[in-house]
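Those letters in the sequence shown? Residues 25 to 244, by this note's numbering.
Backbone N, C-alpha and C fix where the C-beta goes; we use that ideal spot for every residue, glycine too.
A quick note: this is a predicted structure, and the numbers were derived from the prediction, not measured.
Read through the structure below, which is laid out as structure tokens, and then see the notes.
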Amino acid sequence: MDTTAAMRGNRWWGVSGVVFAVLFLIGFALLGDSGETGEEIIAFYDDNRVRSIIAFLCFAASALAYIWFTAAVRNVLALAEPEPRGLTALGYGAGLVTATLIVVGAAPAAALGDTANDAGANAADAYALVSSMTYPLITIGIGMSSLLALAVGLVTLRTGVLPRWFGWASLVAAPLILVAVLFLPIFVFLLWVATAGVVLLMREDATNEGAMERASRAEA
């Protein structure tokens with residue numbers, strides 16, 4: 025019973041990558057375009073207070089899922105990479121930085137939405153400044169995960185711990201993720217994370233099937 029429960033629990037390691045991608049996309053869509061001038065930004069957040077708070081909560085939840093996903097990747101890479109496991113540590117640290125900057129970058133949305141109703145005309149410049157921080161912080165955070173993709177690609181190709189095609193795909197994705205500030209690479213990043221989640225899930229299923237077969241033979 026304990027073994028079965030553990031196997032079911034391990035499935036969530038792979039699912040976390042897909043959950044992250046979905047939550048991030050929802051938060052990104054809800055955040056929308058708040059405008060360019062301070063007055064437009066104040067009006068946007070005044071009209072969309074609940075929406076901006078929900079967007080922040082989606083980003084925060086996605087960051088938690090990404091930490092879980094990053095830990096799953098670290099566990100798999102650590103099984104294959106020889107000591108001192110430098111690439112594994114590098115990728116894990118980069119993933120944590122990404123999760124942190126996603127939350128920090130999304131925080132202004134909640135703060136501006138919560139205070140826009142009381143903002144005066146003299147607050148327009150401040151609102152424009154704070155609002156302009158969101159996109160750079162989130163995309164810089166995403167760019168840090170280029171190191172995670174690089175680590176996955178190199179360790180996979182050296183050890184075969186994950187499918188070889190995914191190792192090559194990770195190496196191709198890494199430099200694209202690095203320039204996430206250009207917008208379209210954001211979707212490359214999300215696709216890579218979701219695909220990695222599916223790959224981890226399939227790997228876990230294969231591992232569990234092997235363990236169950238060995239257990240059955242032992243009982244027989």
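Check                                                                                                                          : Outcome
C-beta atoms of isoleucine 201 and glycine 167 nearer than 9 Å                                                                 : yes
Same chain, Cβ closer than 7 Å to phenylalanine 213, five either side skipped, listed in chain order                           : Ile166, Ser169, Ile201, Ala204
Continuous alpha helix (DSSP H) stretch holding aspartate 71: start and end                                                    : 62-71
Glycine 56 versus Leu114, Leu224, Tyr90, Gly137, residue with shortest Cα-Cα distance                                          : Gly137
Cβ-Cβ separation, alanine 220 to valine 97 (assumed contact under 8 Å), whole Å                                                : 7 Å
Residue of Ala150, Ala89, Val46, Asp149 minimising C-alpha distance to leucine 120                                             : Ala89
Inter-residue CB distance, leucine 218 and valine 42 (contact presumed, cutoff 8 Å)                                            : It is alanine, not leucine, that sits at residue 218 in the sequence shown. About 5 Å separates the two Cβ atoms, so the contact holds.
Helix, strand or coil at serine 156 [DSSP, three-state]                                                                        : coil
Neighbourhood of isoleucine 78 by C-beta distance below 7 Å, restricted to the same chain and skipping five residues each side : Leu54
Neighbourhood of arginine 238 by C-beta distance below 7 Å, restricted to the same chain and skipping five residues each side  : With a pLDDT of 36 at arginine 238, under the threshold of 50, the modelled position of that residue is not reliable, and the figure given next carries that caveat. Here the set comprises nothing.
Local Cβ density within 10 Å of glutamate 60, reported as buried at 16 or more and exposed below that                          : exposed
Range covered by the alpha helix (DSSP H) that runs through alanine 197                                                        : 188-202
Pick from Ala197, Trp189, Arg182, Ala198 that is closest to glutamate 105, judged by C-alpha positions                         : Arg182
Spatial neighbours of leucine 47 in its chain, beta-carbon cut-off 7 Å, leaving aside the 5 residues before and after          : Cys82, Ala85, Ser86, Ala89
Alpha carbon of threonine 122 to alpha carbon of serine 76, nearest angstrom                                                   : 21 Å
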